[in-house]
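Residue numbers (numbering that gives the first Met the number 0), protein chains in the order written: chain Y, 0 to 612; chain A, 0 to 612.
Protein chains: 2
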Amino acid sequence: MFRTKTCGELSIANVGETVTLAGWVQTVRKFGAITFVDLRDRYGITQLLFGEELNKDLEANPLGREFVLQATGTVTERSSKNKNIPTGEIEITLSSFMILNKSEVPPFKIEDDTDGGDDLRMKYRFLDLRRNPVKKNLELRYAVGRSTRNYLHENNFMDIETPFLIKSTPEGARDFVVPSRMNPGQFYALPQSPQTFKQLLMVSGYDRYYQIVKCFRDEDLRADRQPEFTQIDCEMCFVEQEDILNMFEGLVKRIFKDVKNIDYTEVVERMTWEEAMWQFGNDKPDIRFGMKLCNLKFPSHTFTTKESIADLITGEFGMFNDAETVIAIAVPGCAEYTRKQTDELAEWVKRPQIGMKGLVFIKCNADGTYKSSVDKFYTEDKLKAIADAAGAKAGDLVLILAGAEEKTRKATSDLRMELGKRLGLRKDNDFKLLWVLDFPLFEFALEDQDGGGAGRWVARHHPFTSPKPSDIDTMINNSPKVEDLEKYLEHPYANIKANAYDMVLNGNEIGGGSIRIFQKELQQKMFAALGMNEEEQQHKFGFLLGAFEYGAPPHGGLAFGFDRLCSILGGSESIRDFIAFPKNNSGRDVMIDAPSAIDAKQFDELQIKLDLK
Amino acid sequence: MFRTKTCGELSIANVGETVTLAGWVQTVRKFGAITFVDLRDRYGITQLLFGEELNKDLEANPLGREFVLQATGTVTERSSKNKNIPTGEIEITLSSFMILNKSEVPPFKIEDDTDGGDDLRMKYRFLDLRRNPVKKNLELRYAVGRSTRNYLHENNFMDIETPFLIKSTPEGARDFVVPSRMNPGQFYALPQSPQTFKQLLMVSGYDRYYQIVKCFRDEDLRADRQPEFTQIDCEMCFVEQEDILNMFEGLVKRIFKDVKNIDYTEVVERMTWEEAMWQFGNDKPDIRFGMKLCNLKFPSHTFTTKESIADLITGEFGMFNDAETVIAIAVPGCAEYTRKQTDELAEWVKRPQIGMKGLVFIKCNADGTYKSSVDKFYTEDKLKAIADAAGAKAGDLVLILAGAEEKTRKATSDLRMELGKRLGLRKDNDFKLLWVLDFPLFEFALEDQDGGGAGRWVARHHPFTSPKPSDIDTMINNSPKVEDLEKYLEHPYANIKANAYDMVLNGNEIGGGSIRIFQKELQQKMFAALGMNEEEQQHKFGFLLGAFEYGAPPHGGLAFGFDRLCSILGGSESIRDFIAFPKNNSGRDVMIDAPSAIDAKQFDELQIKLDLK
């Protein structure tokens with residue numbers, strides 16, 4: 000070893016010991032004939048003291064930032080102590096040192112607040128990784144992984160590796176494919192998830208499976224998506240939904256405890272997908288704060304169990320009258336917003352990302368009066384009634400959006416989240432878990448991207464998700480064909496609910512899963528509903544249908560997005576900060592410069608060629 | 000849950016309890032009006048008793064092998080106990096049951112000794128995985144992984160994920176490549192190992208890294224190779240070879256303890272590569288038994304430190320006189336082999352896989368006489384001298400091979416291993432570890448497969464392995480150019496030794512690694528020695544050379560072949576048995592039928608087309 004101790008472990012208890020450290024030069028400070036150097040390694044920083052004698056050697060061999068140094072000396076009590084670091088009470092009075100490697104001046108500062116821009120730090124990722132905030136992120140990631148493995152091990156889960164070179168069965172997202180040299184003209188695909196393999200392991204009786212595993216999706220990268228990402232992938236036999244929910248809220252609570260030292264003792268809330276959409280306009284609501292949606296008006300085919308309160312807004316206001324949907328939220332304590340502030344909010348909802356035409360507000364003044372942007376259309380009594388319906392108290396500001404159902408609901412959700420952030424209601428260290436249940440089994444794709452037709456049912460989760468037992472008959476006894484595209488919501492399939500569940504943390508979906516179909520006939524019915532004929536079913540999933548003939552047990556599972564989970568626990572919005580070597584928005588690794596051209600010999604061996612447009 | 004207990008946990012202590020089990024029907028045995036069923040799950044087998052009442056239901060709903068059953072009843076003491084299984088003292092007297100799923104008759108028996116052939120079991124891998132021996136293998140694999148993670152965690156290693164979509168830099172083996180849709184005409188490569196990334200992590204100061212990670216090599220598959228395989232990949236900072244050897248023999252000892260309950264207290268033996276070749280003819284010797292090679296004759300350019308004993312075989316025997324190399328081994332206790340037996344051994348070494356011209360034997364009879372197949376060429380005194388040199392005692396059989404150096408050495412090694420096996424000297428549960436050290440840094444490739452020249456130096460381990468410090472000057476001060484191809488062994492590069500080490504277990508290389516180059520100039524010299532010009536160096540490894548400019552620390556590491564390690568610990572020669580979903584020798588997954596054709600749309604999006612010959 001080049002060292003006897005690390006830079007993070009020496010304290011006043013070690014005074015008098017002779018030690019050797021090795022690490023990187025963080026700072027060099029000269030004071031006349033002596034020099035102080037902060038030496039850094041993964042474990043900490045220790046101050047080195049070069050006395051007069053060694054200082055002469057230093058002049059002959061000057062140290063620069065990030066030089067790699069080996070230093071031997073005696074642990075000494077410092078005269079001026081640094082209480083901010085664990086080693087701050089001591090320094091090493093050196094007897095010798097050796098420069099193990101030199102360093103160019105780094106292109107940005109290796110400090111918590113760096114002067115390097117994103118692009119520069121990505122190109123020199125090996126230097127960015129030296130910075131303390133990035134290191135803390137990767138340490139947190141490791142801790143989350145370790146906590147996960149321990150919990151699952153204690154609960155009888157087995158880590159079983161599934162293959163990476165599998166078969167291309169494009170359903171939802173695009174596959175990355177890999178040409179096979181040994182089977183010319185044929186391709187492997189990289190897995191989008193180990194879904195079918197983990198189901199086969201259940202058929203094989205492995206009972207409880209998990210894997211922390213890389214998955215791949217060749218999608219156009221929106222912000223904060225990566226072509227390769229990591230899942231905590233789990234599956235269990237002989238379980239019902241309730242068992243899965245209990246097992247995996249237990250996992251997240253354990254991670255909270257191990258990684259953040261948080262005792263999450265509250266009951267994890269549960270909400271149906273319909274309630275989430277109704278109350279929050281969103282299937283992954285952030286329940287750390289209220290501001291629930293007040294559905295003043297909504298189309299009759301949605302939320303069929305809810306009663307209309309549209310009479311509250313009857314009147315002459317065209318925007319409300321023309322709108323399919325009108326939704327209000329009560330923003331606490333903001334009645335005194337200025338004109339400038341409400342104008343800014345109106346501009347905010349008109350941005351292209353939100354796309355609303357305008358914003359109506361009602362100020363619930365402290366004196367009990369109401370003032371709104373629609374005073375000429377509604378009496379103060381009416382305004383009060385609307386504000387009451389929205390749950391507004393004196394001092395609150397009611398904001399109302401109106402327009403087409405889907406857009407308006409999403410916009411209100413976005414506005415709610417934005418205000419939650421501005422008002423400091425979404426605190427980094429406040430964690431609230433939520434299960435969202437009873438998702439729709441199908442979505443109707445009006446524009447079929449394959450150009451094969453005008454519309455078809457697609458699986459909202461994936462084709463292996465089972466319908467609610469009470470909805471199985473509906474699925475079996477009805478043809479998936481939609482006669483009138485305009486009225487697809489009236490088709491029986493639109494109301495079939497899935498045995499599917501998402502785990503939501505602070506407004507982010509961190510995991511999701513379902514109870515699976517385990518009967519061959521139902522699985523075939525499902526494939527058929529998605530427009531797959533028998534030949535296609537056999538070609539793509541023959542192995543799974545085959546496996547279901549030999550004693551498939553009831554089973555279910557879920558997968559957590561590992562990168563996302565880590566970033567939320569780390570209080571960051573970006574998953575990239577929690578990946579050692581991430582790719583940019585074009586799917587490039589700018590450090591190693593990949594992807595790149597390959598040799599003629601490689602094309603030749605693979606028997607493929609380019610066909611550039 | 001479909002069950003309250005598993006099929007492996009009930010004992011006499013549970014008698015009287017009402018339980019529900021779920022699992023697979025292993026056997027059905029009818030005795031008049033009652034029926035016994037063995038129900039199986041991952042945890043064990045429990046006997047179910049269907050009384051007269053339920054037997055009638057059974058007749059209406061007959062059970063078959065591998066049916067999935069849920070059964071409720073009372074734990075009862077058995078009259079005839081089965082001492083072979085943990086649950087053998089009890090049975091469940093059923094009150095109700097439900098068939099959860101039916102099963103076709105499986106194409107082979109789900110038993111320890113199955114009647115299914117390899118191909119059938121691969122196609123129905125999900126059924127083969129139900130068999131106990133296969134399940135035990137995967138359980139062992141999980142235990143090895145878990146033990147590894149625990150040990151490395153306790154020693155401050157961090158699991159850090161490295162990317163799977165990287166850059167193609169074909170050096171040794173062929174890369175699998177992945178066309179990039181977002182960067183048309185460019186390709187990612189799947190990693191052959193995370194080598195350069197783990198080195199970057201050391202440059203980044205992560206100090207101790209590990210990963211249990213999939214790696215990919217597109218090679219023609221010899222027996223027991225897989226296109227995707229798993230490594231335990233490790234790297235450490237500020238270490239010398241000795242530190243690595245200690246750390247990782249500690250890991251293997253820990254695995255022995257955790258997984259096999261073996262206390263491996265012996266000192267792990269060490270041997271130079273040269274000694275391994277000299278004594279065993281092999282760089283991964285099985286040291287569980289002796290039968291060391293007696294080098295009667297060898298070419299002067301090999302083993303330059305060894306003294307010749309060729310005078311022992313001087314005489315008229317042409318085969319020895321013409322041979323470059325003559326090697327003997329003493330086979331213990333086999334002096335009484337019959338003519339038939341020695342003939343069979345002679346045939347064995349003449350097989351094409353071994354390729355020798357013949358086999359000479361000397362029987363060291365119990366009465367002190369010697370009898371050989373070359374009696375007419377050598378006196379009994381001469382025979383005795385040869386036998387003594389080979390370490391033979393009375394009762395032993397000396398076998399001698401002669402021919403070209405490389406072939407003869409390998410053949411003798413193969414013969415030694417074969418006899419070790421036949422004589423029962425290679426016992427499954429006898430584990431002997433060995434470090435092989437000081438490998439040559441280079442090999443000379445006489446036929447350059449790229450057709451670019453008549454010969455060139457290739458890295459024996461990989462281009463990042465450092466030479467022994469004492470050999471660095473030799474490397475820096477000599478041109479790699481070999482003027483006379485016949486005499487490449489006389490080139491100074493042929494004698495440069497590497498700071499590289501292999502861990503050998505029972506004659507199998509289970510891991511290997513090296514101390515790495517961490518100086519930019521030496522790395523460039525290494526690349527140049529391998530025939531890479533500066534442009535190529537920059538294109539392929541510019542990021543690494545760049546990283547070495549910013550304070551790279553001394554570092555080194557190794558990787559274990561996880562599949563192989565598991566198979567040896569499991570007492571099997573085949574890694575396939577220890578992989579949940581392996582591929583066959585053509586790189587095919589016959590269960591899912593991959594690789595396969597892809598859609599025109601996929602070609603179109605990737606901007607590639609087939610170019611079949």
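Backbone N, C-alpha and C fix where the C-beta goes; we use that ideal spot for every residue, glycine too. Since this is a predicted model, take the numbers as computed values, not measurements.
- For phenylalanine 35 (chain Y), the enclosing beta strand (DSSP E) covers residues 33-40.
- Listed along the chain, the chain Y residues whose CB falls inside 8 Å of the CB of glutamate 548 (chain A) are Ser102 and Glu103.
- Contact holds between the segment 132-151 of chain Y and the segment 149-169 of chain A, because three or more Cβ pairs, one in each stretch, are under 8 Å apart.
- Proximity to threonine 264 (chain A) across A:Met276, A:Tyr549, A:Gly249 and A:Glu306 peaks at A:Gly249, based on C-alpha coordinates.
- Residues of the segment 521-541 of chain Y with a Cβ closer than 7 Å to any Cβ of chain A: none.
- Contact between leucine 292 (chain A) and tryptophan 277 (chain A) holds, since their C-beta atoms are separated by about 7 Å, short of 8 Å.
- In this structure, glycine 512 (chain A) lies near alanine 558 (chain A), with their beta-carbon atoms less than 9 Å apart.
- DSSP places isoleucine 109 (chain Y) outside both helix and strand once states are collapsed to three, so it counts as coil.
- Annotated as proximal: lysine 166 (chain A) and tyrosine 187 (chain A), with beta-carbon spacing under 9 Å.
- Neighbourhood of lysine 608 (chain A) in chain Y, by CB distance below 9 Å: Ile607, Lys608, Leu609 and Asp610, in chain order.
- Assignment of glutamine 25 (chain A) by DSSP, reduced to helix, strand and coil, places it in the strand class.
- In this chain, the beta strand (DSSP E) harbouring asparagine 100 (chain Y) covers 89-100.
- When the five nearest sequence neighbours on each side are left out, the beta carbons in the same chain lying within less than 7 Å of the beta carbon of phenylalanine 163 (chain Y) are those of Leu189 and Pro190, in order along the chain.
- Under the DSSP definition of a beta bridge, glutamine 352 (chain A) lacks any partner.
- When CB distances to chain A are screened at a threshold of 9 Å, not a single residue of the segment 314-343 of chain Y falls below it.
- Secondary structure in the segment 297-385 of chain Y: the beta strand (DSSP E) runs of 3 residues or longer, each lying completely within the stretch, are 324-330, 359-363 and 369-371 in chain order.
- Within its own chain, the residues whose Cβ lies closer than 7 Å to the Cβ of methionine 525 (chain Y), once the five positions on either side in sequence are excluded, are Pro462 and Ile516, listed in chain order.
- Measuring C-alpha to C-alpha distances from glutamine 225 (chain Y) to each of Y:Thr92, Y:Gly560, Y:Arg207 and Y:Gln606 identifies Y:Gly560 as the nearest.
- Taking the CA atoms as reference points, aspartate 285 (chain Y) sits about 8 Å from valine 503 (chain Y).
- In chain order, Asp223 and Ser566 place their CB closer than 8 Å to the CB of serine 573 (chain Y), counting only its own chain and leaving out the 5 sequence neighbours on each side.
- DSSP places methionine 590 (chain A) in the coil class of the three-state scheme, outside both helix and strand.
- Straight through space, the alpha carbons of phenylalanine 196 (chain A) and lysine 539 (chain A) are spaced by roughly 13 Å.
- At least one CB atom of chain Y sits nearer than 9 Å to the CB of cysteine 236 (chain A).
- For the pair glutamine 606 (chain Y) and aspartate 217 (chain A), the Cα-to-Cα distance works out to about 14 Å.
- Scanning the segment 381-445 of chain Y for uninterrupted beta strand (DSSP E) segments of 3 residues or longer gives 396-402, 432-436 and 441-444, listed from N- to C-terminal end.
- In the three-state scheme derived from DSSP, where H, G and I count as helix and E and B as strand, isoleucine 84 (chain A) is classed as coil.
- In this structure phenylalanine 577 (chain Y) does not touch arginine 425 (chain Y) by the C-beta definition: roughly 19 Å separates them, more than the 8 Å allowed.
- Comparing alpha carbon positions, the residue from A:Ala546, A:Gly570 and A:Ser595 closest to aspartate 429 (chain A) is A:Gly570.
- Of the candidates A:Ile84, A:Gln69, A:Arg148 and A:Gly184, the residue whose Cα lies closest to the Cα of phenylalanine 237 (chain Y) is A:Gln69.
- Of the residues Y:Ser102, Y:Ile514 and Y:Lys519, the one whose Cα lies closest to the Cα of isoleucine 475 (chain Y) is Y:Lys519.
- Listed in chain order, the positions of the segment 4-19 of chain A with a beta carbon within less than 9 Å of a beta carbon of chain Y are Thr5.
- Counting C-beta pairs closer than 8 Å gives three or more between the segment 119-128 of chain A and the segment 94-107 of chain A, which meets the contact rule.
- Taking a Cβ-Cβ threshold of 8 Å, none of the residues of chain A is close to methionine 97 (chain Y); the smallest such distance is about 11 Å.
- Residues of chain Y whose Cβ lies closer than 7 Å to the Cβ of aspartate 223 (chain A) do not exist, since the nearest Cβ in that chain is about 16 Å away.
- One thing to note: leucine 398 (chain Y) has its Cβ within 9 Å of the Cβ of alanine 327 (chain Y).
- C-alpha of lysine 356 (chain Y) to C-alpha of aspartate 117 (chain Y): approximately 35 Å in a straight line.
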